[in-house]
Amino acid sequence: MAFYQCEKCKLTWQYPLEICPHCFTNLTEQIGRQARVIGVSRVGIPTLNHPSVPYFILLLQDENGNTWAHKSSKEYEIGAEFKTEAVLDAGAVAVWKVKYNYLEAINKVFELLGGIKIDGSSKILLLPTASAATHYYFRDNTSPQFFEAVLEYLLKAGAVLGNITVGAQSFDDIPIGAIAQKSGLLEVCQRHKIMPKDLSASTFDKKGKYELSKDALDADLVLNLAMLKIGQASATQNLFRILKKENFLGLKYLESEAGITESFKEIEGKTMTIADGETTQRSNKLTNYTGVVLAGRDPQNVDLVFNEITKANRLPEILKDLDLKLENIPLAGRTIQETQYLAEYF
Ligand SMILES: [Zn+2]
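For the sequence shown, the working numbering gives the first residue as 142, with consecutive numbering after it.
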């Protein structure tokens, strides 16, 4: 957990403030590496935000003396070390809460899956969700803040801008340029001097019955930046954008969307979904705070875990058709019980 300290006043904040509100000095980030349990409270009364009981609120302290609260479904002894384990299974989904800072949560979910290998020569294709020409707060598209934090993560990890391609394409009649502009995603690209690519105008290679974007086939890493939506399979649906639109629509007509997920095998082993679940859309299109970031190599698993966290009223068709079982998905970081939020019941 990161904290922000004023060197002069020695006051510390958990919010990512830039300057001290007392003396206007720039704050320094303090990142804790270890955490110990210094207090435990057991909660037995359920609420809409915390429906599964009992759970435990741990008071954790790091080596810098900073303390914070952490919800846990497991009871800890006072004095015990608190740490998270990485899960390396290919189908694993990492779940973490966003606390003021996207970059910190993105770092954490990647770490929970064993990390991703990036260096200056890695060719990376970023696929932000760009599906409607709406402002960022509707959460139809990847939020610009999340997109920016992912870019920042990649650059800190050693990626170079010249090897990063930001690609998107429209699967309906709305021009992708209009979506990019209204969603605020274009502005982030411009700030980083990245020219986003309309994948529909790029080259596609035929692999069996699928026509896949050459950018995806040639990349070392395909990052699917899903914008999670309750009751939908938005992570899976965003990855369909690596297919040629006509090919996708044709296949959708002939078989189910679930069947088209077979095409993901062509880029297996180098695909990672990193999903924005901080503020998400309910089925009535209104947004609410769900406070999570999810990651996984398998987008269908990410969708299923998110729908379970939010107790969606109905499961998306595609997930029903795929017949996925939650008990077969290894979770890293947080449990469903800890993050569960009855979003549709409000
Ligand atoms: Zn100060």
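Cβ coordinates follow ideal geometry from the N, Cα and C atoms, glycine included.
Here the structure is a predicted model, which is why all the values come from computation and not from measurement.
Short check: CB of residue i to CB of residue j, under 8 Å?
| i | j | result |
| --- | --- | --- |
| Leu-266 | Gly-308 | yes |
| Leu-268 | Arg-177 | no |
| Phe-288 | Leu-366 | yes |
| Gly-255 | Leu-295 | no |
| Phe-441 | Leu-463 | Correcting the residue type first, residue 441 is Gln in the shown sequence and not Phe. Against a cut-off of 8 Å, the Cβ pair of Leu-463 and Gln-441 comes out as a contact. |
| Glu-407 | Leu-358 | yes |
| Asp-444 | Leu-427 | no |
| Ala-290 | Ile-257 | no |
| Thr-283 | Leu-326 | yes |
| Glu-293 | Leu-244 | yes |
| Leu-362 | Ser-214 | no |
| Lys-355 | Ser-343 | yes |
| Ala-273 | Leu-253 | no |
| Leu-200 | Ile-186 | no |
| Lys-238 | Arg-475 | yes |
| Leu-384 | Tyr-430 | no |
| Glu-485 | Ser-397 | no |
| Ile-415 | Gly-232 | no |
| Ala-374 | Lys-411 | no |
| Gly-437 | Glu-419 | no |
| Val-234 | Leu-435 | yes |
| Lys-386 | Gln-310 | yes |
| Arg-280 | Thr-421 | yes |
By DSSP's criteria, residue i is part of a beta bridge. Which residues make up the other side?
| i | result |
| --- | --- |
| Pro-192 | Beta-bridge pairing links Pro-192 to no other residue. |
| Phe-197 | Arg-183 and Ser-213 |
| Ser-354 | Phe-345 |
| Leu-366 | Pro-269 and Ile-415 |
| Val-234 | Gly-437 and Leu-472 |
| Asp-339 | Ala-309 |
| Phe-93 | Since the first residue shown for the chain is 142 and the last is 487, residue 93 is missing from the structure and cannot be characterised. |
| Gln-202 | Arg-177 and Thr-208 |
| Thr-275 | Answer is none; Thr-275 lacks a bridge partner. |
| Ile-160 | Asn-167 |
| Asn-429 | Thr-421 |
| Leu-456 | According to DSSP, Leu-456 bridges with nothing at all. |
| Glu-222 | Arg-177 |
| Leu-384 | Leu-353 |
| Thr-153 | Gln-146 |
Roughly how far, in whole angstroms, is the beta-carbon of residue i from the beta-carbon of residue j, given that I think they are within contact range, below 8 Å?
| i | j | result |
| --- | --- | --- |
| Ala-271 | Ile-371 | Their Cβ separation, rounded to whole angstroms, is 20 Å, which puts Ala-271 and Ile-371 out of contact at 8 Å. |
| Thr-480 | Val-181 | Incorrect: roughly 19 Å between the Cβ atoms, too far for contact. |
| Leu-369 | Phe-447 | 5 Å |
| Thr-275 | Lys-323 | 6 Å |
| Met-413 | Leu-364 | 6 Å |
| Asp-312 | Phe-389 | Note that residue 312 corresponds to Phe in the displayed sequence, not to Asp. Right, the Cβ-Cβ distance comes to about 7 Å (below 8 Å), so this counts as a contact. |
| Thr-153 | Asn-242 | In fact, because the Cβ distance is near 15 Å, the residues do not count as touching under 8 Å. |
| Gln-171 | Gln-202 | Actually they do not touch by this definition, with Cβ atoms about 13 Å apart. |
| Ile-305 | Ile-259 | No, Ile-305 and Ile-259 are not in contact; Cβ-Cβ is about 10 Å, not under 8 Å. |
With respect to 7 Å, is the separation between the Cβ of residue i and the closest non-hydrogen atom of ligand 1 below this value?
| i | result |
| --- | --- |
| Thr-431 | no |
| His-163 | yes |
| Gly-158 | First, the residue type needs correcting, since residue 158 is Leu and not Gly in the sequence shown. False, no ligand heavy atom lies under 7 Å from that Cβ. |
| Lys-411 | no |
| Cys-147 | yes |
| Leu-152 | yes |
| Thr-166 | yes |
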